[in-house]
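A.B. asks: Okay, handing you the structure first.
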Amino acid sequence: MNMILMVPLVAHLLMSLALFSIPYLTRREILFGVVLPADFRSRREGRRAIRVFQTTVAMSAISGLFFMVLLRSRFDAVPIFASGVMMVLGFSAFVMQNRKLRAFAIQPRPVRELELSTEPERLPRFVWLGLVPLVILAASAFYLGAHWDDIPERRPVQWDVTGQPNGWADRTPEGVYGPLVFGTGMTLWLFAFSLVIWYGSRRSEPLRRPVLGVFIALEWVAALMMADVAMRAFIRLPLALLPGILIAVILASIAYLIKTNRNSRGPLDATPNECWKGGIIYYNPGDPVLFVGRRDGAGFTLNMGNPWSWVVIGSPLLITLTTFLIRP
Amino acid sequence: MKSSPRIHIDIDSGIPATRQIADALRVQLVEGALRPGTQLPSVRRAAMELGVHFNTVAEAYRVLAAEGWLDLRHGRGARVVDREPRAASRTDIADYRRRLRELISQMRARGVPPGKIADELRSSAEGLES
C-alpha cells in the first residue's frame, strides 16, 4: 500500500476508533453526556443507545474507507471529506442519543467541597518536561546559526503525505528560523494552555494530571516536528517517529480513560444537567470555573458562560497570525 | 501529613449558598479546626471550587468578619482572628431555643427518634467543648 493512501487511512481508523469508544470513555453512570442510574447501560434502552451510536460510527467509518480506496487517486480531498463526514455523523449521533436519554436523566446532588488550605497547589514534577521542547528549538536555532554557510540556498520546508517536497524556503533569517519561531509559538501556547487548564479547573477533577501529561507530549511532537523541518539539511528524524508518538498518545489516552472510568466510584459530576447543551457544550454563567470535565469523558471543555473562555478560544489566532507574519 | 479541614455545600438544598458557607465555616471555627492566624482560601479559589459566584463567598466572609471571626484586609485575604467569647443576651438565647425546636421538629418529622436526637445534641455540644 502506498503512502498516499496509508497516512489518511491510519488517521481515519484512529478517529473512528476514538469515536467508537466514546460510550466507554466515561464512568458507568454517564452515557452520551447524560447522568443516568448506575444500571442503565444494562437496560434495554441503554444497550440500544450504544448500539445505534456505534452502528452509525461503524457505517460511516467503513463507507469512508471505501471511498478513500476507490476515489483517492482521482480526488485529493476525499480523505478529508470522508473523515469529516464521519466526525459530523458521529457527533450528530452523540447529540441524538443525548436527547433521547435525557428522559432518563438523574441529577446528582450538587454537593461541592472546599479544602480550607491556602497552600499553593504544586504542579506535578513532570511539568518541567514541558520546557525541554523549548530547549530543543533553541539548540536547533543555535546550531543553524553556527552552520549558516552549510545551509543550502533553497531547501524544502513542506512535504505531501508521500514525502515529496511541495514548499520551499530560501537561506534567509525568515526562511531558516521561521519554522523554529512557529514551533516556539506552538510549544508555548500548548504549555500555557495546559497550565490554564490546571489552574482554571476544580482540584477535584480527576483528569487534571493526565491531561497535563498529554499536552506535554503534544509539545514534544510540535517542537520535534518544527526542529526536524528546520534542520533537514543536517539531520532527519525517522519518518515514523512523530506519527508514532501521536498514535501512542491517542491510544494510551483511550486505554487510560476506559480503565480509569470503568472502576470509578468517586462522587458524580455535580454540574447541573440543564447547563450541558447536547452533552458537549457547558454553559453556566453562575459557575466561575473556566474548565470542567467533559461529559463524553475526553478531557476538559470550556465553561462558555465564563467570558474568559472566548479569550482562550481566540488564543490560537495568535499562532495563525504569527505564521502569516513570518512566512518564508 | 495532616489534612486540612473541608467544608461542603449543596447548591440544591434550598438554603442560600452564602449562609451554607458561613455556617460551615463557623462550625470549623467554633470547633477549633480553624485556629487564629489561619489564612482562608482566596475568594476566587473558594468560589471556583464551590461553583458559586465570587460575591457569594465574599459575602460569607463578611458575615463572619462582622461576627468577629475573620480579619478581612484588602490584598491579604481572610485570616482567622482570636475572638473573645461574647455573652449571649436573653433575646439571643430565646432565638436559639426557637431555632433548635424548629430543627428538632424537622428531625422528628423525618423519623429520627427522640433518643437519637438527644445523643446527637450531646455529642455536638461535647465536640464544641473539646
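Going line by line, the protein sequences match chains S and B. My numbering numbers the first residue of the first sequence as 2 and each following residue consecutively. My numbering numbers the first residue of the second sequence as 101 and each following residue consecutively. Note that beta-carbon positions come from the ideal geometry of N, C-alpha and C, so glycine has one too. Nothing here was measured: the structure is a model prediction, and the numbers come from that model.
(1) Is DSSP giving S/W149 helix, strand or coil here?
(2) For S/W199, does the count of other Cβ atoms within 10 angstroms reach 16, so buried, or fall short, so exposed?
(3) Hey, is B/M148's beta-carbon within less than 8 Å of any beta-carbon in chain S?
(4) Cβ of S/I23 within 8 Å of Cβ of S/R296?
(5) Going along chain B in order, which residues have a C-beta closer than 7 Å to the C-beta of S/D288?
(6) What number of angstroms, rounded off, separates the C-alpha of B/R162 from the C-alpha of B/L172?
(7) If you draw a straight line from the C-alpha of B/I121 to the C-alpha of B/A158, how long is it?
(8) Residues of the region 104-116 of chain S in Cβ contact with chain B at a cutoff of 8 Å, in chain order, please.
(9) Find out if the Cβ-Cβ distance for the pair S/S17, S/V58 is shorter than 8 Å.
(10) How about S/L115 and B/P116: do their beta carbons lie closer than 8 Å?
(11) Taking buried to mean at least 16 other C-beta atoms within 10 Å of its own C-beta, is S/L71 buried or exposed?
(12) In whole angstroms, give me the CA-to-CA distance for S/I281 and S/L247.
(13) Measuring only between beta-carbons, confirm whether B/S115 sits less than 8 Å from chain S.
(14) Could you check if S/Y283 is buried or exposed, using at least 16 other CB atoms within 10 Å of its CB as the buried criterion?
(15) Could you have a look at B/L134 and say whether DSSP puts it in helix, strand or coil?
(16) Should S/A170 be labelled buried (16 or more other beta-carbon atoms within 10 Å of its own) or exposed?
(17) Which word fits B/V212, buried or exposed, when buried means at least 16 other C-beta atoms lie within 10 angstroms of its C-beta?
(18) With 16 other CB atoms within 10 Å as the buried threshold, where does S/W309 fall?
(19) Give the residues of chain S in contact with B/P141, contact being defined as C-beta atoms less than 8 Å apart.
(20) If I measure Cβ to Cβ from S/V11 and keep anything under 8 Å in the same chain, skipping five residues before and after, which residues do I get?
(21) For S/P157, list the residues DSSP reports as bridge partners.
(22) As a quick exercise: from S/Q108, S/M97, S/L117, pick the residue whose alpha carbon is nearest that of S/V36.
(23) Give me the residue from S/P9, S/I51, S/L20 with the minimum Cα distance to S/A299.
(24) Would you verify that the beta carbon of S/R204 is, or is not, closer than 8 Å to some beta carbon of chain B?
(25) List, in chain order, every chain S residue whose beta-carbon is nearer than 9 Å to that of B/P105.
(26) When DSSP labels each residue in this structure, what does B/R106 get in the three-state scheme?
(27) Go through its chain and collect everything with a Cβ distance to B/A165's Cβ below 8 Å, but skip five positions before and after it.
(28) Enumerate in chain order the residues of its own chain whose CB-to-CB distance from S/P134 is below 6 Å, with the five nearest sequence positions on each side excluded.
(29) Would you call the CB atoms of S/R204 and B/E149 closer than 8 Å?
(30) In three-state terms, what does DSSP make of S/N264?
(31) Mind reading off the beta-carbon distance from S/P286 to S/R233? Whole number of angstroms is fine, and I expect it under 8 Å.
(32) Leaving out the 5 sequence neighbours to the left and right, which residues in its chain are closer than 7 Å to S/S254 when beta-carbon positions are compared?
(33) Need the endpoints of the beta strand (DSSP E) that S/R103 sits in, please.
(34) Kindly list the residues whose CB is nearer than 7 Å to the CB of S/W160, restricted to its own chain and excluding five residues on each side of it in sequence; keep chain order.
(35) Suppose you measure from the CA of S/P289 to the CA of S/D151; what does that come to, to the nearest Å?
(36) Spell out whether any CB of chain S is found under 8 Å from the CB atom of B/D192.
C.D. replies: Reading it off the structure:
(1) Locating residue 149 of chain S in the first sequence gives position 148, where the first residue counts as 1. In this structure, S/W149 counts as helix in the three-state DSSP scheme.
(2) Residue 199 of chain S sits at position 198 when you count from the first residue of the first sequence. Counting of Cβ neighbours within 10 angstroms places S/W199 among the buried residues, the total reaching 16 or more.
(3) Taking the second sequence and counting its residues from 1, one reaches residue 148 of chain B at position 48. Output row for B/M148: interface = yes.
(4) In the first sequence, the residue the question calls residue 23 of chain S occupies position 22. In the first sequence, the residue the question calls residue 296 of chain S occupies position 295. S/I23 is not a Cβ neighbour of S/R296, given a cutoff of 8 Å.
(5) Translated into the one-based positions of the first sequence, residue 288 of chain S becomes position 287. One finds G151 in chain B with Cβ atoms closer than 7 Å to the Cβ of S/D288, taken in chain order.
(6) Here residue 162 of chain B refers to the residue found at position 62 when the second sequence is read from its first residue. Here residue 172 of chain B refers to the residue found at position 72 when the second sequence is read from its first residue. Their Cα atoms are separated by approximately 8 Å.
(7) Stepping through the second sequence from its first residue, residue 121 of chain B is reached at position 21. Stepping through the second sequence from its first residue, residue 158 of chain B is reached at position 58. Between B/I121 and B/A158, the C-alpha separation is close to 10 Å.
(8) Listed by position, the residues of the region 104-116 of chain S near chain B (Cβ gap below 8 Å) are Q108, R110, P111, V112, R113, E114, L115, E116.
(9) By one-based count along the first sequence, residue 17 of chain S stands at place 16. By one-based count along the first sequence, residue 58 of chain S stands at place 57. Yes, these two residues count as a Cβ contact at 8 Å.
(10) Counting from one through the first sequence, the residue named residue 115 of chain S turns up at place 114. Counting from one through the second sequence, the residue named residue 116 of chain B turns up at place 16. With contacts defined as CB atoms closer than 8 Å, S/L115 and B/P116 fail to qualify as a contacting pair.
(11) Position 70 of the first sequence, counted from the first residue, corresponds to residue 71 of chain S. The residue in question, S/L71, is exposed, as its Cβ has fewer than 16 Cβ neighbours within 10 Å.
(12) Stepping through the first sequence from its first residue, residue 281 of chain S is reached at position 280. Stepping through the first sequence from its first residue, residue 247 of chain S is reached at position 246. When rounded, the distance between both Cα atoms is 24 Å.
(13) Working through the second sequence from its first residue, we reach residue 115 of chain B at position 15. A quick correction: the sequence has Ile, not Ser, at residue 115 of chain B. No, B/I115 does not count as interfacial toward chain S.
(14) To locate residue 283 of chain S, count along the first sequence from 1; it is residue 282. Under this definition S/Y283 is a buried residue.
(15) As a position in the second sequence, residue 134 of chain B is number 34, starting the count at 1. Correct three-state label for B/L134: coil.
(16) Along the first sequence, one-based indexing puts residue 170 of chain S at 169. S/A170 should be labelled buried.
(17) The residue labelled residue 212 of chain B in the question sits at position 112 within the second sequence. Taking a 10 Å sphere around the C-beta of B/V212, we find fewer than 16 other C-beta atoms and assign the residue as exposed.
(18) For this step, residue 309 of chain S is matched to residue 308 along the first sequence. Classification of S/W309: exposed, given that the 10 Å Cβ count is below 16.
(19) Numbered from its first residue, the second sequence carries residue 141 of chain B at position 41. Chain S residues near B/P141: L115, E116, L117, S118, T119.
(20) Numbered from its first residue, the first sequence carries residue 11 of chain S at position 10. Result list for S/V11: P244, I248, in chain order.
(21) Locating residue 157 of chain S in the first sequence gives position 156, where the first residue counts as 1. According to DSSP, which records beta bridges pairwise, S/P157 is partnered with S/W169.
(22) Counting from one through the first sequence, the residue named residue 36 of chain S turns up at place 35. Nearest neighbour of S/V36 by Cα position, chosen from S/Q108, S/M97, S/L117, turns out to be S/Q108.
(23) Taking the first residue of the first sequence as position 1, residue 299 of chain S is located at position 298. Nearest of S/P9, S/I51, S/L20 to S/A299, Cα basis: S/L20.
(24) The residue you call residue 204 of chain S lines up with position 203 of the first sequence. It does: the Cβ of S/R204 has a partner Cβ on chain B nearer than 8 Å.
(25) Here residue 105 of chain B corresponds to residue number 5 of the second sequence, with the count starting at 1. Going along chain S in sequence order, the residues near B/P105 (Cβ under 9 Å) are E116, L117, S118.
(26) One-based indexing of the second sequence puts residue 106 of chain B at position 6. Reduced to three states, the DSSP call for B/R106 is strand.
(27) In the second sequence, the residue the question calls residue 165 of chain B occupies position 65. Around B/A165: D171, L172, A178.
(28) As a first step, residue 134 of chain S is located in the first sequence; it is residue number 133 there, counting from the start. Excluding sequence neighbours, S/P134 sits near T188, E220, W221, A224.
(29) Counted from its first residue, the first sequence places residue 204 of chain S at position 203. Counted from its first residue, the second sequence places residue 149 of chain B at position 49. Cβ distance < 8 Å, so S/R204 and B/E149 count as in contact.
(30) Along the first sequence, one-based indexing puts residue 264 of chain S at 263. If DSSP states are grouped into helix, strand and coil, S/N264 belongs with coil.
(31) The sequence position of residue 286 of chain S within the first sequence is 285, counting from 1. The sequence position of residue 233 of chain S within the first sequence is 232, counting from 1. Actually they are not in contact, since the Cβ atoms of S/P286 and S/R233 sit about 49 Å apart, beyond 8 Å.
(32) Here the question's residue 254 of chain S lines up with position 253 in the first sequence. Result list for S/S254: V215, in chain order.
(33) For the purposes of this step, residue 103 of chain S is taken as residue 102 along the first sequence, with counting starting at 1. Element bounds for S/R103: n/a, residue is neither H nor E.
(34) Reading the first sequence from its first residue, position 159 is the one you call residue 160 of chain S. The answer, listed in chain order, is P166, N167.
(35) Taking the first residue of the first sequence as position 1, residue 289 of chain S is located at position 288. Taking the first residue of the first sequence as position 1, residue 151 of chain S is located at position 150. Looking at the two C-alpha atoms, the distance is approximately 54 Å.
(36) Against the second sequence, residue 192 of chain B aligns to sequence position 92. So, not an interface residue.
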